[in-house]
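Engineer: One structure, pasted below without further comment.
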Amino acid sequence: MIPLTERLWKDNSSVYAEIVAHPFITGLVDGTLGAHQFGHYVAQDAHYLYDYARALMVIGAKAPTSEDVAMFARHAADTIEVELALRTTTLPSLGVDPVTVAVSLPSTRAYTDHLLAVATTGTFADGLAAILPCYVIYARLGSDLIDLPIGNPLYREWVDTYADTRFVKAVHDVTAVADRVGVSLNPEDENRAHAHYAASARYEWRFWDAAYRGEQPSTDHTGSP
1044 MIPLTERLWK DNSSVYAEIV AHPFITGLVD GTLGAHQFGH YVAQDAHYLY DYARALMVIG
1104 AKAPTSEDVA MFARHAADTI EVELALRTTT LPSLGVDPVT VAVSLPSTRA YTDHLLAVAT
1164 TGTFADGLAA ILPCYVIYAR LGSDLIDLPI GNPLYREWVD TYADTRFVKA VHDVTAVADR
1224 VGVSLNPEDE NRAHAHYAAS ARYEWRFWDA AYRGEQPSTD HTGSP
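Numbers in the working numbering are just positions in the sequence shown, counted from 1, shifted up by 1043.
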């Protein structure tokens, strides 16, 4: 049988194609992405990672083995470490608009609300499916972009982060857990996993698109992908 993570990726490969073709990513590669757009992305990523770490902890609490619990605890701690570095080092160096830093914008909130809702109310498999796209999409971007001649040192560093062996191992460990759990899913469970994964994959696209467009604070958002 094809592993669960491969089936999930295949069913959502068109979203990844949209991501790599998005002007945020193409501009990051060819240097035309504006510093303000990248700063917008980094500011919102700090908000996102804080809630992503919380989702990881909730999912870890439902994990079936002590090894899985420990893995999610490590990943949550690593995520908070990155979030703190963004706030204390990266953002000040970029001179990002304080409003953008202080406020979690609609696309960010919609994504993290989705993750936390699934992690809290769903099964371990549900939560795992929801957080997987963030792991695998960034790992694939790191792999696909690492050998390209990215001239901007800041953008080069961003790509290198997701091609780094430590991140690649983290992704490998999570997908291994998902594939192990996937073997025991019944059709209803797997359908839910596909739905949660697809929603998160679409939110990933929206996240880059919001940064590229310069999304502004608003209280009027539905939270739908």
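All C-beta atoms, glycine included, are put in the ideal place defined by N, C-alpha and C.
Measure the Cβ-Cβ separation of V1214 and V1161 and say whether it is below 8 Å.
Structural biologist: Taking the first residue of the sequence shown as position 1, residue 1214 is located at position 171. Taking the first residue of the sequence shown as position 1, residue 1161 is located at position 118. Result no, Cβ atoms of V1214 and V1161 do not sit closer than 8 Å.
Engineer: Would you call the CB atoms of D1094 and T1155 closer than 8 Å?
Structural biologist: Taking the first residue of the sequence shown as position 1, residue 1094 is located at position 51. Taking the first residue of the sequence shown as position 1, residue 1155 is located at position 112. A contact, by the Cβ cut-off of 8 Å.
Engineer: Provide the residue span of the alpha helix (DSSP H) that contains K1053, from first to last.
Structural biologist: Here residue 1053 refers to the residue found at position 10 of the sequence shown. It spans L1047 to D1054 - the alpha helix (DSSP H) in which K1053 sits, taken as one unbroken run.
Engineer: Between which two residues does the alpha helix (DSSP H) harbouring K1105 extend?
Structural biologist: Start at 1 with the first residue of the sequence shown, and residue 1105 comes out as number 62. Note, K1105: premise wrong, no alpha helix (DSSP H); not H, not E.
Engineer: Return the CA-CA distance between K1105 and T1166, expressed in angstroms with no decimal places.
Structural biologist: Position 62 of the sequence shown, counted from the first residue, corresponds to residue 1105. Position 123 of the sequence shown, counted from the first residue, corresponds to residue 1166. If you take the alpha carbons of K1105 and T1166, they lie about 8 Å apart.
Engineer: Counting only the same chain and skipping the five closest in sequence on each side, list residues whose C-beta sits under 6 Å from that of A1206.
Structural biologist: Here residue 1206 refers to the residue found at position 163 of the sequence shown. Once the five neighbours on either side are set aside, the close Cβ partners of A1206 are G1185 and I1189.
Engineer: DSSP three-state call for D1190: helix, strand or coil?
Structural biologist: Taking the sequence shown and counting its residues from 1, the one referred to as residue 1190 is at position 147. Correct three-state label for D1190: coil.
Engineer: Does any heavy atom of the ligand ADP sit closer than 7 Å to the C-beta of V1125?
Structural biologist: Absence of the ligand ADP from the depicted structure is noted, as is the absence of any ligand whatsoever, leaving it without description.
Engineer: Do P1046 and D1232 have their C-beta atoms closer together than 8 Å?
Structural biologist: Position 3 of the sequence shown holds residue 1046. Position 189 of the sequence shown holds residue 1232. Contact: no.
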